[in-house]
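Note that my numbering has the sequence shown beginning at 20, numbered continuously upward.
Even glycine gets a Cβ: it sits at the ideal position worked out from N, Cα and C.
Just so you know, these numbers come straight off a predicted model, no measurement behind them.
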Amino acid sequence: MVAVINTIASPLEVAVYRDGILFKRVTLDGLASDELLPLLLELLKEGVSSFLYTSGPGSHMATKICYTLLKSVEVLKGVPFYAVSGFDLNGNEPIKALGKLYFIKEKENIITKKFQEAVESSFVMPVRLEHLKVLECNEPDY
């Protein structure tokens with residue numbers, strides 16, 4: 020089983036895939052610093068063998084916490100983790116940065132753009148894991 024953690028969504032979302040198919044979803048309403056570690060430990064007990072997480076864009080505290088926890092699990096338990104772009108989970112829509120600034124993806128570059136009106140974008144976990152592109156680097160994308 021593979022777990023995908025969307026650190027950009029609020030509230031934080033986790034999806035578990037069995038044989039590449041969405042098996043279950045979990046929403047964490049509290050702080051990532053309080054709720055993510057117990058959930059990771061529970062998922063490991065359930066048989067999750069690797070993790071994917073949204074590495075950005077953005078300097079989100081949940082992303083930093085998730086990276087640190089997953090790196091610790093990798094070192095201590097040998098469970099690998101990989102990164103995916105937040106754009107893969109929202110159809111390449113703008114992602115809130117700060118104030119009226121949003122991250123947008125132009126070809127392969129991520130830039131910030133100012134919008135006068137708030138941009139609504141929602142994140143959706145794919146039904147099939149194969150729809151996510153694993154990034155070469157698993158470090159946060161600040």
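Alpha-carbon spacing of residue i relative to residue j, whole angstroms
i           : j           : result
residue 113 : residue 132 : 9 Å
residue 76  : residue 145 : 19 Å
residue 137 : residue 30  : 18 Å
residue 224 : residue 110 : One cannot answer for residue 224 here, as it falls past the ends of the chain, which runs 20 to 161.
Short Cβ contact (8 Å threshold) for residue i with residue j
i           : j           : result
residue 104 : residue 82  : no
residue 51  : residue 85  : yes
residue 100 : residue 142 : no
residue 22  : residue 62  : yes
residue 98  : residue 68  : yes
residue 39  : residue 148 : yes
Paired residues, beta bridge with residue i - DSSP
i           : result
residue 132 : 121
residue 70  : 22, 100
residue 36  : 21, 41
residue 46  : 32
Rounded distance between the beta-carbons of residue j and residue i, thought under 8 Å
i          : j          : result
residue 58 : residue 45 : 7 Å
As assigned by DSSP and simplified to three states, the class of residue i
i           : result
residue 81  : helix
residue 137 : coil
residue 28  : coil
residue 108 : helix
residue 115 : strand
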